[in-house]
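Just add 1218 to the spot in the first sequence (first one is 1) and you have this note's numbering.
The beta-carbon is built from N, C-alpha and C at its ideal position, and this holds for glycine as well.
Let me begin by presenting the structure, written as structure tokens, before commenting on it.
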Amino acid sequence: MLDFLGSLERTHHCGDLRAANAGQQVVLMGWVNRRRDHGNLIFLDLRDRSGIAQIVLDKELTPDGHLKGEQVRPEYVVAAVGKVRLRGADATNPKMATGEIEIEATQLLVLNDARLAPFSPAEEAIQNEEVRLKYRYVDLRRPEMQRNFRLRHDITLAIRESLSNQGFLEIETPILTKSTPEGARDFLVPSRVHPGEFYALPQSPQIFKQILMISGCDRYFQIARCFRDEDLRADRQLEFTQVDLEMSFPRREDVFAVVEQFLAAGFKAAGVTLPTPFPRITYDDSMRQFGTDKPDLRLPGLTDVRPAFTDENLATLQIDPALPVVALRIPKVGELSRKEREDNWPLFDQKKGAKFIDDFKRLAKGFPEAAAKVRELAGAAEGDFVIIVAGDPAHHVKASDTKFEGRLSEREINVYAAAGNFRTELSKKYAERHGAFGVTEQTVVDAHERNAQDPMDGSTAFHPIWIVDFPMFEYDLASAKWVPAHHPFTSPYEADMANLVSDPASVRANCYDLAMNGMELGSGSIRIHRKDVQQQIFKSLGISDEEAHARFGFFLDALEYGTPPHGGIALGLDRIVMLLAGAPSLREVIAFPKTAKAIDLMADAPTSVSEHQLKELHIRVALKS
RNA sequence: GGGGACGUAGCUCAGUUGGUUAGAGCGCUGCCCUGUCACGGCAGAGGUCGCGGGUUCGAGCCCCGUCGUCCCCGCCA
């Protein structure tokens, strides 16, 4: 028999009660976390968002309440009326925040019963994510998930406040809009009013925020939902949230300063001090030193060990002398057996035209000087695992061999990337041995126990870095054309504009990425604000006037009505929270995420729709049989 | 589109070379219990071994297909 809430008013949250509350009359409401029935005495652990408090139901004190206590089951929703009392010294539970007190109940109301769930929020996360996602409302009751969303809220709030304080206005842009040139597949929404025509969901508010700059908005930001119809990953969902901003008359430095300030504010809200300013690295240096454009600085980078070898050495070792020879080093791995090393071989990407040497004993036999020199150059200490990665002359990959002055060639990049990927894979595999990732995990755990007033030093755990000076164009072998490495509104450096036609390879884009701990957090640029430059870029990219006009004519029109120099950036909020929550996937920090196959297991989306709906939308479904 | 891992009770898992009636812990149900807090004790229920086909005297186990979840490549500037 269920009870009505009536006029009963909740006075406290479960997790907030302390010894100081002893003697107070309270009303708590929440879910039955656990029940311990001792016959004439029943203990209920009552859980709400704030935590857990122990309710005591004594048959002598409250026969009615005790009777109801016998009937309740896990996840029943109840209200407990009673008095806070100190527990005896021997009954105190130091493991609970509220362990010094308990509620001596005079009344228990059963507000709702609950079917037995396939798992209990009182226990740790189950392995079966399918079940967790189907019963998401139960999963979200777990304290760990509650904590993640509290964290997300606090971070978002701090970022909003920081940006507002820096003069940014939060402005909403349309969800139903026109395809934006981000390069990903669009989600389309059929128009009922305009048969055969479609809206697109924004991949980002890119064009709108630029138009807001033209509109004299000066500084815009938005915690913006973005949609990209691409395959999912642990760190990618179909819809995700960006901290999106744009500012007028900025130098690149101004954008960096804004981001560093709001990101530090977000981290502080999570209990972590993030030192500013962030270091910078050019794209070329990032490739050379880390073999990736999103370097993880928690471990040593790559070392150029070409000087350790003579040309004869390389010839004997069948290493391409014209390509990079680099060493990667994973600290404290210890000596690996042949079997252990062989297990690592599949982690190396064979397709990049590179090879590796991981047997230093053998190398030292044939080339003792070179082997010693490599370890010296790499700064290898006893027990550090060192691998040499170099170009394989026998393995010709399909890449441009053309070397453009002042620029890494495709083949060079491939060797660096092979080394960089190998480094990343091995650093994950030997995380327990080198311990560098454990610092992050510990910071995350500690930070949760702290607060923004007393943040802890995050400088050894979190390593933000700006990546700058990306090439403006990439050479596409298939079409033998230069294609944009970024969206077509990215400005080249003013100094490079003269070379747009004559020497596209040399043109650098005035854009920037922010990476942290091996993850891309965001990307932005100074935009093109002049119509003539924009036309020049389209021309360089082989986009005809007609095509440009059809896709974003309204934007090109707007450009002609007084466009200030402007630029901005967008950072992945989900990824920021994921990092600070120490979560292995975005699904842990998104309330209702989709699976790797793009399914919402709880809502059961997507589904087919009625003929009537389709007809209204002028849509006919043509499934491949 | 491709590669890999996993799929046995509600959950976490075990299941020998293919061999009789598929097990454990937790959870659940009933009874008992006044100081537990992962309460305890006794008893009990609970299985289309993801699904379909094949091989075999016999399949949870072998083969083929398929579905689902996860990870990765492609893709996502």
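Quiz item: With burial defined as no fewer than 16 other Cβ atoms inside 10 Å of the residue's Cβ, what is the status of Asp1538: buried or exposed?
Solution: buried
Quiz item: Should Val1411 go down as buried or exposed, given a rule of 16 or more other Cβ atoms within 10 Å for buried?
Solution: exposed
Quiz item: Which of the three DSSP states, helix, strand or coil, is assigned to Glu1846?
Solution: This structure leaves residue 1846 out entirely; the chain is present only between 1219 and 1843.
Exercise. Classify Ala1801 as helix, strand or coil using the three-state DSSP reduction.
Key: coil
Quiz item: Roughly how many angstroms separate the alpha carbons of Thr1813 and Gln1345, rounded to a whole number?
Solution: 15 Å
Exercise. Apply the 10 Å Cβ neighbour rule to Phe1439 and answer buried if 16 or more other Cβ atoms are within range, or exposed otherwise.
Key: buried
Quiz prompt | Residue span of the alpha helix (DSSP H) that contains Asp1372, given as start and end | solution = 1361-1383
Practice problem: State the beta-bridge partners of Pro1241 as determined by DSSP. | Solution: As written in the sequence, residue 1241 is Gly, which differs from the Pro given in the question. Beta-bridge pairing links Gly1241 to no other residue.
Exercise. Indicate the three-state DSSP secondary structure (helix, strand or coil) for Asn1728 in the structure shown.
Key: strand
Quiz item: Among the residues of its own chain, which have a CB less than 8 Å from the CB of Asp1472, if the five just before and after it don't count?
Solution: Met1465
Quiz item: Which whole runs of the alpha helix (DSSP H) in the stretch 1512-1589 are 4 residues long or more, in chain order?
Solution: 1529-1535, 1556-1562, 1578-1584
Practice problem: Jot down the residue ranges of each uninterrupted beta strand (DSSP E) in the stretch 1704-1764, minimum 3 residues, whole runs only, in chain order. | Solution: 1726-1734, 1737-1744
Quiz prompt | Opposing strand residues paired with Ile1441 [DSSP bridges] | solution = Val1461
Quiz item: Looking only at C-alpha atoms, which of Ala1768, Ser1225, Arg1516, Met1737 sits nearest to His1652?
Solution: Arg1516
Exercise. Classify Glu1388 as helix, strand or coil using the three-state DSSP reduction.
Key: strand
Quiz item: Which value, in whole angstroms, describes the spacing of the CA atoms of Thr1642 and Val1523?
Solution: 19 Å
Quiz item: Opposite Asp1675 in the DSSP bridges: which residues?
Solution: Thr1491
Quiz item: From what residue to what residue does the beta strand (DSSP E) around Thr1603 run?
Solution: Per the sequence shown, residue 1603 should be read as Phe rather than Thr. First-last of the beta strand (DSSP E) with Phe1603: 1603-1609.
Exercise. Tell me, please, which residues DSSP counts as bridged to Ile1683.
Key: Ala1733
Exercise. Grab me the residues of Gln1424's own chain with a C-beta within less than 6 Å of its C-beta, minus the 5 sequence neighbours each way, in chain order.
Key: Thr1398
Self-check item: Of the residues Phe1508, Gln1831, Leu1304, the one placed nearest Met1737, counting alpha carbons only
Solution: Phe1508
Practice problem: Write down the C-beta distance between Val1490 and Met1674 rounded to the nearest angstrom, noting that I regard them as a contact closer than 8 Å. | Solution: 6 Å
Quiz item: Tyr1417 bridges to which residues according to DSSP?
Solution: Val1407
Practice problem: Give the DSSP-derived three-state secondary structure of Val1356 in the structure shown. | Solution: helix
Quiz prompt | Asn1239 and Ala1340 closer than 8 Å at C-beta | solution = no
Exercise. Tell me, please, whether the stretch 1421-1436 touches the stretch 1448-1458 by the rule of three or more beta-carbon pairs shorter than 8 Å.
Key: no
Quiz item: According to DSSP, what are the bridge partners of Val1250?
Solution: Leu1264
Self-check item: Cβ shell of Arg1359 (< 6 Å), same chain only, five flanking positions each side left out
Solution: Pro1339
Quiz item: Would DSSP call Ile1808 helix, strand or coil?
Solution: coil
Quiz item: Among His1747, Thr1391, Ile1761, Glu1667, which residue has its Cα nearest to the Cα of Lys1699?
Solution: Ile1761
Self-check item: For Gln1208, the first and last residue of its enclosing beta strand (DSSP E)
Solution: Within the shown structure, residues of the chain are numbered from 1219 to 1843, placing residue 1208 beyond reach of any answer.
Quiz item: Looking at the structure shown, is Ala1343 part of a helix, part of a strand, or coil, going by DSSP?
Solution: coil
Practice problem: Assign Gln1208 to one of two classes, buried (16 or more other C-beta atoms within 10 Å of its C-beta) or exposed (fewer than that). | Solution: Residue 1208 is absent from the model: the chain starts at 1219 and stops at 1843.
Exercise. Could you check which residue in Ala1237, Ile1441, Gly1601 has the C-alpha nearest to that of Ala1307?
Key: Ala1237
Quiz prompt | For Asp1511, the nearest candidate out of Asn1632, Gln1364, Phe1603 (CA to CA) | solution = Asn1632
Quiz item: Per DSSP, what kind of secondary structure is Lys1486 in: helix, strand or coil?
Solution: helix
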